[in-house]
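Inspection log for the structure reproduced underneath, given as structure tokens.
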Amino acid sequence: MQSVFVVSFYLTFVCTNLITVFLKIDLANGNTLNFKAIYVRK
441 MQSVFVVSFY LTFVCTNLIT VFLKIDLANG NTLNFKAIYV RK
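The opening position of the sequence shown corresponds to residue 441 in our numbering, with each subsequent residue numbered one higher.
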């Protein structure tokens, strides 16, 4: 019973980490795109 709890907790932890990583990548890509757009306009 305890092992199942540990596995579920670990999976939740990994999933949240992956989501935050993808969000950071999206933010980085969005920032670079905005920077390029601003740079091209000038």
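Quick reminder that beta carbons are idealized off the backbone N, C-alpha and C, glycines included.
Backbone CA spacing between residue i and residue j [nearest angstrom]
i, j, result
"V446", "K464", "27 Å"
"N471", "L458", "20 Å"
"T452", "M441", "17 Å"
"S443", "D466", "35 Å"
"F462", "S448", "21 Å"
"V454", "N469", "22 Å"
Own chain, CB closer than 7 Å to residue i, minus 5 neighbours either side, in chain order
i, result
"Y450", "none"
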